[in-house]
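Engineer: To start, I am sharing the structure in question, which I have written as structure tokens.
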Amino acid sequence: MTFDPVKTGDSERDTTRLRRLYGQYPTGVAAVCALQEGRPVGIVATSFTPVSMDPALVSICVQHTSTTWPTLSKDGHLGISVLASTHEAASRQIAAKNTDRFAGISWFAGESTAVFLADAAAWLDCRISTSIPAGDHDVVLLEVNSTAVNETAKPLVFHDSRFRTLVIGEES
Numbered sequence: 001m002t003f004d005p006v007k008t009g010d011s012e013r014d015t016t017r018l019r020r021l022y023g024q025y026p027t028g029v030a031a032v033c034a035l036q037e038g039r040p041v042g043i044v045a046t047s048f049t050p051v052s053m054d055p056a057l058v059s060i061c062v063q064h065t066s067t068t069w070p071t072l073s074k075d076g077h078l079g080i081s082v083l084a085s086t087h088e089a090a091s092r093q094i095a096a097k098n099t100d101r102f103a104g105i106s107w108f109a110g111e112s113t114a115v116f117l118a119d120a121a122a123w124l125d126c127r128i129s130t131s132i133p134a135g136d137h138d139v140v141l142l143e144v145n146s147t148a149v150n151e152t153a154k155p156l157v158f159h160d161s162r163f164r165t166l167v168i169g170e171e172s
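Each residue of the sequence shown is one higher than the last, beginning at 1 in our numbering.
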């Protein structure tokens, strides 16, 4: 296939084309969770990105249409669990609408209101730093307060609208 550019516009066809194009970029999958009124609340983000080492900052992108985000972000303290290859079902469940998103999912709370999924590949305890409107999403910068890594877990990857796992081979 050769490079055959098409200008983007507002049509539904362009949205479908962009979704397919964006899907060609593999991303990790993260659960963003917190306790609100004693219950876990969460969303799934495939847009989790490290931003800065000093200060330690990461980002997520949240759709303006999210009905969970206003509740989740209420006190500004969030737990991010970088999901492991064993979390595909949990990822789908936390992303679902009109269901108990945490039923049967093993989770724990940190010292703050941050909530983490058990057996994740990594955990970050964060506080919302700033939110920047960007098209139909907000880019949310998060200050990292503390972290932990699970060296034995393989990360869950989202690519081409499907969950995948990395095959770790010899380094070149």
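All residues carry an ideal CB built from backbone N, CA and C; glycine is no exception.
Alpha carbon to alpha carbon, how far is ILE132 from HIS87? Give it in angstroms, no decimals.
Structural biologist: Taking the first residue of the sequence shown as 1, we reach residue 87 at position 87. Taking the first residue of the sequence shown as 1, we reach residue 132 at position 132. Spanning the two alpha carbons is a distance of roughly 29 Å.
Engineer: Locate the alpha helix (DSSP H) running through ILE94, then write down its first and last residues.
Structural biologist: Numbered from its first residue, the sequence shown carries residue 94 at position 94. Taken as a continuous stretch (DSSP letters only), the alpha helix (DSSP H) holding ILE94 covers 88-95.
Engineer: How far does the beta strand (DSSP E) with LEU117 in it extend, from its first residue to its last?
Structural biologist: Numbered from its first residue, the sequence shown carries residue 117 at position 117. It spans 115-117 - the beta strand (DSSP E) in which LEU117 sits, taken as one unbroken run.
Engineer: Assign ASP125 to buried or exposed, taking buried as 16 or more other Cβ atoms, counted over all protein chains shown, within 10 Å of its Cβ.
Structural biologist: As a working note, residue 125 is residue 125 in the sequence shown. Counting Cβ neighbours within 10 Å, ASP125 comes out buried, since at least 16 surround it.
Engineer: Grab the span of the beta strand (DSSP E) containing PRO50 for me, first residue to last.
Structural biologist: Within the sequence shown, numbered from 1, the residue matching residue 50 stands at position 50. Counting along the chain, the beta strand (DSSP E) containing PRO50 begins and ends at 49-52.
Engineer: What number of angstroms, rounded off, separates the C-alpha of ALA89 from the C-alpha of THR130?
Structural biologist: Here residue 89 is taken as the residue at index 89 of the sequence shown, counted from 1. Here residue 130 is taken as the residue at index 130 of the sequence shown, counted from 1. Cα-Cα distance, rounded: 31 Å.
Engineer: What residue range is occupied by the uninterrupted alpha helix (DSSP H) comprising LEU142?
Structural biologist: By 1-based counting over the sequence shown, the position of residue 142 is 142. Segment 137-149 is the beta strand (DSSP E) holding LEU142; no alpha helix (DSSP H) there.
Engineer: Between which two residues does the beta strand (DSSP E) holding THR165 run?
Structural biologist: Along the sequence shown, read from residue 1 onward, the residue named residue 165 stands at position 165. Start and end: 162-165.
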